[in-house]
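Enquirer: Numbering (mature numbering (1 follows the signal peptide of the UniProt record, and there is no 0)), first residue to last: -21 to -1, 1 to 491. Yeah, the Cβ is synthetic: ideal placement off N, Cα and C, and Gly gets one too. One structure is given below, represented as structure tokens, and several questions about it will come after.
Here it is as structure tokens:
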């Protein structure tokens, strides 16, 4: 997702153009265990690749300013998906005479067999990206190669490798398709709401295989596709998932997915053409793509969290928590499961400064602080809880909370479950900051008929991610609480509830 000026609604256009004229630091909102750039603007994750023990995260970046423009590929690496080392710009914008080429989104692969002929010492990294020319009003697909582990790239002299001679044609996502022994590219024609599939033996010569769409949600331009094969939990079945982002229509910021089969040429959707499956129920999650080349064929992806109109400085924009992907068979069909990656969760206790654990907490029309000892300092923590909410009651958590001396709420975000309607709600009415007033309350319909619900709540200064029932649903958003809005309470209203267990890990220093 790149051309904010052309694709987004007027609200999001303003987001892209906000400049920090006062350059006032907002470190109180800077995440500590999510990826953010050192400074300046970032958007889509690009070129996700695991190589030599490191997760490479390239990303759309403005190297000069705190708003969208001068699009280039930033670069960072991590061994644990929490601690990121920022590296120099990997692929900068190209300026030649009066023409400028922006480096839009794409992917990166490890060409271990040197199919491209670019590699000097066995394998090499090849990036596949969209070259956007504002002056020529053209988007086409370019490749570049790296023989130093992805630090610097050389553009292929015969670029472009795929060109439809049109403005809207972007975001190639490429991986090695083993059954056919070829490279497979998924790329979108945004205004036609179509994904195209191409094959290549060498990353240089591409053949169109088929098209998919328009299907699902078509209220905004399609962008940032990915195609991935996922296991169905508890079975030997594998299905293909096609992810598509689309922002600017009546759904606002939105990403959807399709489940089906891919035979090496065509993707066929299991569901009706008008069926819409949201990837995330929040108002910020976008442009998510998976990592290539992860050991054990592990499926991990990450998305961009689109900034609200609230200014931040010296950075703007961040990534979500990396998520493990799988599928689950439900009465309605196969559905996506996404959880915070086990690469992170296996090290959570080491990352935590303090941990609060409480079991069998009974609530009856009351509000209780589970952290009575005050171990959790600030708004960077990881909360896991299991609730049993009696019929007609609403229960959950009030986070990033501050009240005045009279008990009136100044700031809080309310995460609640209604067992009668089986709905989970995130209410940001009093969350603080400049938020989209049309998205202050977001609701998820929970499958099944149980009074119980499991929640994983990731609060990281200004970013909030909520995972429901072991990843059956996810909601990603922003909040901007005041300096002293750091209280956590559990509550029940309209009846009683039991918190079977709650564990809160303080990640303020994330194991520094």
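Report the CB separation of residue 278 from residue 258 in whole angstroms; it is logged as a contact under 8 Å.
Expert: Contact doesn't hold; Cβ gap of about 14 Å is too wide.
Enquirer: My parser needs the beta strand (DSSP E) runs of 3 or more residues fully inside the region 443 to 488; what are they?
Expert: 452 to 457, 466 to 472 and 475 to 485
Enquirer: Note the first and the last residue of the continuous beta strand (DSSP E) segment covering residue 300.
Expert: For residue 300, there is no enclosing beta strand (DSSP E), as DSSP gives it neither H nor E.
Enquirer: Is there contact here, the region 118 to 135 with the region 215 to 224, by at least three beta-carbon pairs under 8 Å?
Expert: No: the two stretches stay apart, fewer than three of their Cβ pairs being nearer than 8 Å.
Enquirer: Under the rule that 16 or more other beta-carbon atoms within 10 Å means buried, what is residue 263, buried or exposed?
Expert: buried
Enquirer: Any contact of the region 80 to 89 with the region 106 to 117, i.e. 3+ C-beta pairs under 8 Å?
Expert: yes
Enquirer: Which residue or residues does DSSP assign as beta-bridge partners of residue 119?
Expert: 110 and 142
Enquirer: Measuring only the C-alpha atoms, how far is residue 58 from residue 452?
Expert: 27 Å
Enquirer: Taking Cβ positions, are residue 440 and residue 358 nearer each other than 7 Å?
Expert: yes
Enquirer: Judging by CA-CA distance, which residue of 417, 485, 2 and 394 is the nearest neighbour of residue 231?
Expert: 417
Enquirer: Please specify which runs of the beta strand (DSSP E), each continuous and at least 3 residues long, are wholly inside the region 153 to 240, giving them in chain order.
Expert: Here the runs fully enclosed are 161 to 168, 173 to 179, 186 to 191, 201 to 210 and 217 to 228.
Enquirer: Does the beta-carbon of residue 336 have 16 or more other beta-carbons within 10 angstroms, so that it is buried, or is it exposed?
Expert: exposed
Enquirer: Return the chain-ordered list of same chain residues with a C-beta closer than 7 Å to the C-beta of residue 463, the five sequence neighbours on each side being excluded.
Expert: 381
Enquirer: For residue 116, does the count of other Cβ atoms within 10 angstroms reach 16, so buried, or fall short, so exposed?
Expert: So residue 116 ends up on the exposed side.
Enquirer: Whose C-alpha, out of 454, 171 and 228, is nearest the C-alpha of residue 198?
Expert: 228
Enquirer: The beta strand (DSSP E) spanning residue 21 covers which residue range?
Expert: 19 to 30
Enquirer: Quick one: is residue 362 near chain C, going by C-beta distance under 7 Å?
Expert: Checking the listed chains, one finds no chain C in this structure; it contains a single protein chain.
Enquirer: Which residues bound the alpha helix (DSSP H) around residue 329?
Expert: 327 to 330
Enquirer: Could you give the residue range of the alpha helix (DSSP H) that holds residue 322?
Expert: 321 to 324
Enquirer: At what residues does the beta strand (DSSP E) containing residue 439 begin and finish?
Expert: Per DSSP, residue 439 belongs to the beta strand (DSSP E) from 431 to 439.
Enquirer: Which same chain residues, not among the five before or five after residue 29, have their C-beta less than 6 Å away from its C-beta?
Expert: 270, 272 and 273
Enquirer: Buried or exposed: which applies to residue 188, given that a residue is buried once 16 or more other Cβ atoms fall within 10 Å of its Cβ?
Expert: buried
Enquirer: Considering only the beta carbon of each residue, do residue 38 and residue 85 sit closer than 7 Å?
Expert: no
Enquirer: Since residue 413 and residue 288 are thought to touch, with beta carbons under 8 Å apart, how far apart are those beta carbons, to the nearest angstrom?
Expert: Contact flag correct, Cβ pair sits at about 5 Å.
Enquirer: Could you please give the first and the last residue of the uninterrupted beta strand (DSSP E) stretch that includes residue 8?
Expert: Neither: residue 8 is in no beta strand (DSSP E) and is coded neither H nor E.
Enquirer: Over what stretch of residues does the beta strand (DSSP E) that includes residue 284 continue unbroken?
Expert: 279 to 284 is the extent of the beta strand (DSSP E) around residue 284.
Enquirer: Can you give the Cα-Cα distance for residue 347 and residue 255, rounded to whole angstroms?
Expert: Approximately 39 Å between the Cα atoms of the pair.
Enquirer: Kindly indicate which three-state DSSP category residue 274 falls into: helix, strand or coil?
Expert: Residue state, collapsed to three classes: helix.
Enquirer: On the premise that residue 469 lies in contact with residue 343, defined as a C-beta separation below 8 Å, what is that separation, rounded to the nearest angstrom?
Expert: Actually they are not in contact, since the Cβ atoms of residue 343 and residue 469 sit about 12 Å apart, beyond 8 Å.
Enquirer: Using the three-state DSSP reduction, which class does residue 417 fall into: helix, strand or coil?
Expert: In the three-state DSSP reduction, residue 417 falls in the helix class (H, G or I).
Enquirer: Measuring CA to CA, which of 87, 69, 211 and 194 is closest to residue 51?
Expert: Cα-wise, what sits closest to residue 51 is 69.
Enquirer: Helix, strand or coil: how does DSSP classify residue 53 here?
Expert: strand
Enquirer: If I measure Cβ to Cβ from residue 146 and keep anything under 8 Å in the same chain, skipping five residues before and after, which residues do I get?
Expert: 116, 117 and 118
Enquirer: I believe residue 212 touches residue 316 by the beta-carbon criterion, under 8 Å. Please report the beta-carbon distance rounded to the nearest angstrom.
Expert: 7 Å
Enquirer: Which residues mark the beginning and the end of the beta strand (DSSP E) in which residue 67 is found?
Expert: 64 to 70
Enquirer: Please state whether DSSP places residue 258 in a helix, a strand or coil.
Expert: coil
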